[in-house]
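Here the sequence shown stands for residues 1 to 176, where the numbers follow the working numbering. Just so you know, even glycine gets a beta-carbon here, dropped at the ideal spot from N, CA and C. Model, not experiment: these values are computed from the prediction. Down below is the structure, laid out as structure tokens.
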Amino acid sequence: MVFFVSLQILFASLFYFAYEKTILSFKVAPSFVAQAELRGQLPKQIQIPSLSIDLSLQGTLVKNGLWEISEKSASYLLSSARPKEGSNIVIYAHNTKHLFARLPEIQIGQEILLLDAEGKTAKYIVSETKRVLPNAVEEVLPTDHEVVTVYTCTGFLDSQRFVVKALPSESNIAAQ
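Below is the structure:
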């Protein structure tokens with residue numbers, strides 16, 4: 001019995017140390033992640049009032065197949081859409097206490113707010129939550145409609161991604 005438990009601990013330790021904690025990504029990079037052009041106002045802050053999340057956003061890229069990620073703020077994928085561009089706005093962060101640990105608690109119908117450098121707010125309403133495997137890159141691909149995709153790692157040794165989809169609120173649509 002002791003041998004079996006020791007073997008399990010050894011396996012878990014080896015697996016854990018082989019895991020690179022600095023990268024929160026899907027296993028592959030979608031083809032659209034070339035250098036981002038400068039266009040429109042970048043979101044600078046994300047707020048999820050129901051979860052008491054209020055974080056600055058750092059612009060990040062996918063370089064050589066590796067997703068950059070901030071250790072201190074949420075990451076905004078620069079090659080994804082900006083608010084009011086009508087496509088997929090991709091935001092992600094580590095599943096740590098000061099970042100997105102509470103993200104899996106979000107409920108359909110709750111608000112996600114994106115603020116730009118001028119303090120303008122774009123409001124989105126959560127329409128879907130799900131767990132996916134790291135190779136589900138379709139979650140971060142461009143879309144033909146505006147959506148915010150917010151995600152973090154979840155599951156045993158971060159083996160899954162917890163994905164939140166949020167659509168523009170009626171007040172955003174009226175303001176366009």
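- Query: In three-state terms, what does DSSP make of P49?
  - Reply: helix
- Query: With respect to the beta strand (DSSP E) encompassing T121, which residues constitute its N-terminal and C-terminal limits?
  - Reply: T121 to V132
- Looking at the unbroken beta strand (DSSP E) that takes in T154, where does it start and where does it end? V147 to T154
- Message: Here's the rule I'm using: 16 or more other beta-carbon atoms within 10 Å means buried, otherwise exposed. How should N88 be labelled?
- Response: buried
- Message: Among the candidates G59, Y124, W67 and T143, whose CA atom is the shortest distance from the CA of P134?
- Response: W67
- Message: Less than 9 Å between the beta carbons of L114 and V148, yes or no?
- Response: yes
- Could you check what DSSP says for L103 in three-state terms: helix, strand or coil? helix
- R161 to K120, Cα distance in whole Å? 29 Å
- Query: Can you round the beta-carbon distance between A93 and T152 to whole angstroms, since I take them to be within the 8 Å contact cut?
  - Reply: 6 Å
- Message: On a Cα-Cα basis, can you pick out the residue from L77, I106 and S56 that is closest to K63?
- Response: L77
- Contact belief for I112 with I69 at Cβ below 8 Å, rounded distance in angstroms: Not quite, the Cβ-Cβ distance comes to about 19 Å (not below 8 Å), so this is no contact.
- Task: Within 10 angstroms of the Cβ of I91, are there 16 or more other Cβ atoms? Answer buried if so, exposed if not.
- Result: buried
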